[in-house]
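Only one structure is covered here, and it is reproduced in the block below.
Number of protein chains: 2
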Amino acid sequence: MEYIFSVLVENKPGVLARISQLFSARGYNITSLTVGETDDPTISRMTIVVDGDEKIMDQVKKQLNKLIDVVKVVDLTSLPQIERELLLIKVNADKKMRSEIIEIAEIFRAKIVDVSDSDVTLEATGQKDKIDALIKLLKGYKIKELARTGRSCLPRSE
Amino acid sequence: MEYIFSVLVENKPGVLARISQLFSARGYNITSLTVGETDDPTISRMTIVVDGDEKIMDQVKKQLNKLIDVVKVVDLTSLPQIERELLLIKVNADKKMRSEIIEIAEIFRAKIVDVSDSDVTLEATGQKDKIDALIKLLKGYKIKELARTGRSCLPRSE
Numbered sequence: 111m112e113y114i115f116s117v118l119v120e121n122k123p124g125v126l127a128r129i130s131q132l133f134s135a136r137g138y139n140i141t142s143l144t145v146g147e148t149d150d151p152t153i154s155r156m157t158i159v160v161d162g163d164e165k166i167m168d169q170v171k172k173q174l175n176k177l178i179d180v181v182k183v184v185d186l187t188s189l190p191q192i193e194r195e196l197l198l199i200k201v202n203a204d205k206k207m208r209s210e211i212i213e214i215a216e217i218f219r220a221k222i223v224d225v226s227d228s229d230v231t232l233e234a235t236g237q238k239d240k241i242d243a244l245i246k247l248l249k250g251y252k253i254k255e256l257a258r259t260g261r262s263c264l265p266r267s268e
Numbered sequence: 111m112e113y114i115f116s117v118l119v120e121n122k123p124g125v126l127a128r129i130s131q132l133f134s135a136r137g138y139n140i141t142s143l144t145v146g147e148t149d150d151p152t153i154s155r156m157t158i159v160v161d162g163d164e165k166i167m168d169q170v171k172k173q174l175n176k177l178i179d180v181v182k183v184v185d186l187t188s189l190p191q192i193e194r195e196l197l198l199i200k201v202n203a204d205k206k207m208r209s210e211i212i213e214i215a216e217i218f219r220a221k222i223v224d225v226s227d228s229d230v231t232l233e234a235t236g237q238k239d240k241i242d243a244l245i246k247l248l249k250g251y252k253i254k255e256l257a258r259t260g261r262s263c264l265p266r267s268e
């Protein structure tokens, strides 16, 4: 099962290493991780997406709470949430192909952020499924390179 | 000085722990980190932003290249690049305040992704400076919570 943890941590060296160690020591692969400062620069928020079973994830949650640099752990797995991810993707495209790519960009509400004679770079945001679908569609045009931020989440308001 | 590394790694447990360990062992704080799968699901791309001096960053780069799970390291620091970050931010707003927040959202081309009686949640993308400016402006309305993905980068085409 997929678990999503939103973790507030002290913004200082070594915290990320200790947290990622906690997961890898149990053989769990973090499938998505984002780290960014909050409005308080001494505190960062990590969003961790990881596959695992319930029993061990409960243990991981307890261990996270015990770490001195961890301020707060919220398990977003079963809460209503807003989830977004950002994709930058550079696709092979000569002048002829370009209009097809632009059409796809419009459908996915992606922005064109760079163009050259041989390629187009798009920026897209959305939930994981949407980003996956866009990448799948663009595979037909040969992808030069892509970078995904991983998923950021906030709980929905009641 | 701020360094940006784009690192292609094997998508498996322990890789993130080894890489973050490499930085923290030298006392360097990773200020931004994003990890996401590429179009090849066995390979992930990490974008690491870190402050440090040139001499030690050269060493870190060499060490990264030596790690068995690291496929490729690109130092984007001095290359022309496209850099984007995603922000989710929930701001206090009653019905009266809401229109002010919506106005700010329009200026920053942010999307409104959730609304309740007492708050509004926005999604914004852009370079770090733009995101910082938006957060600064919204501080006047009391920020409930925010999540930043950290920065994703691709080199610009020539």
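First to last, the protein sequences are chains A and B. Letter by letter, the first sequence follows residues 111 to 268 in the working numbering. Letter by letter, the second sequence follows residues 111 to 268 in the working numbering. Even glycine gets a Cβ: it sits at the ideal position worked out from N, Cα and C.
According to DSSP, A/Gln169 sits in a beta bridge with which residue or residues? Answer by DSSP bridge pairing: none, since A/Gln169 is not bridged.
Contact between the segment 114-125 of chain A and the segment 182-190 of chain A is defined here as three or more beta-carbon pairs at a separation below 8 Å; is this criterion met? Cβ pair count under 8 Å is three or more, so yes.
Same chain, Cβ closer than 6 Å to B/Thr148, neighbours up to 5 away in sequence not counted: Answer for B/Thr148: Arg155, listed in chain order.
A/Ser134 touches chain B at which residues, Cβ-Cβ below 9 Å? Against A/Ser134, the close residues of chain B are Pro123, Gly124, Val125, Leu126, Ala127, Arg128, in the order they occur along the chain (beta-carbon pairs closer than 9 Å).
Specify, as a first and last residue, the run of the beta strand (DSSP E) that A/Glu120 falls within. Per DSSP, A/Glu120 belongs to the beta strand (DSSP E) from 112-120.
Tell me whether the beta-carbon of A/Ala220 lies closer than 8 Å to the beta-carbon of A/Glu233. In terms of Cβ geometry, A/Ala220 and A/Glu233 form a close pair [threshold 8 Å].
When you compare the CB of A/Val145 with every CB in chain B, is at least one pair closer than 8 Å? Under the 8 Å criterion on CB atoms, A/Val145 is classed as interfacial with respect to chain B.
Comparing alpha-carbon positions, which option in B/Arg194, B/Ser188, B/Val201, B/Ser226 lies nearest B/Glu255? The residue with the shortest Cα to Cα distance from B/Glu255 is B/Val201.
Is the separation between the beta-carbon of B/Leu189 and that of B/Pro265 shorter than 8 Å? Here B/Leu189 is near B/Pro265, since their CB atoms are less than 8 Å apart.
Could you tell me the alpha carbon to alpha carbon distance between B/Arg136 and A/Ile129, rounded to whole angstroms? Going from the Cα of B/Arg136 to the Cα of A/Ile129 covers about 17 Å.
Would you mind telling me which residues of chain A sit closer than 9 Å to B/Gln169, beta carbon to beta carbon, in chain order? Per Cβ cutoff of 9 Å: no residues; B/Gln169 is ~16 Å from chain A at best.
According to DSSP, is A/Lys252 helix, strand or coil? The three-state reading of DSSP puts A/Lys252 in coil, since its state is none of H, G, I, E or B.
Length at least 3, wholly inside the segment 135-180 of chain B: the beta strand (DSSP E) runs in chain order: Correct list: 140-147, 153-161.
Inter-residue CB distance, B/Val223 and A/Ile192 (contact presumed, cutoff 8 Å): With 8 Å as the limit, B/Val223 and A/Ile192 qualify as a contact, their Cβ atoms being about 5 Å apart.
Segments assigned beta strand (DSSP E), at least 3 residues, entirely inside the segment 170-229 of chain A: Qualifying beta strand (DSSP E) stretches, in chain order: 180-185, 191-202, 221-225.
Which bits of chain A does B/Val223 rub up against, with CB to CB less than 8 Å? Neighbours of B/Val223 on chain A, chain order: Ile192, Arg194.
Mind pulling the chain B residues with CB within less than 7 Å of A/Asn202? At a beta-carbon threshold of 7 Å, none of the residues of chain B lie near A/Asn202; the nearest stands roughly 11 Å away.
What does the Cβ neighbour count give for A/Ile166, buried or exposed, with the cut at 16 atoms within 10 Å? In the assembly as shown, A/Ile166 is an exposed residue. Its beta-carbon has fewer than 16 other beta-carbons within 10 Å.
List, in order along the chain, the chain A residues whose C-beta lies closer than 9 Å to that of B/Ile253? In chain order: Thr148, Asp149.
For B/Ser130, three-class secondary structure by DSSP: Helix.
Proximity winner among B/Gly124, B/Val159, B/Ile214, B/Ser134, relative to B/Tyr251 (alpha-carbon distances): Comparing Cα positions, the closest option is B/Ile214.
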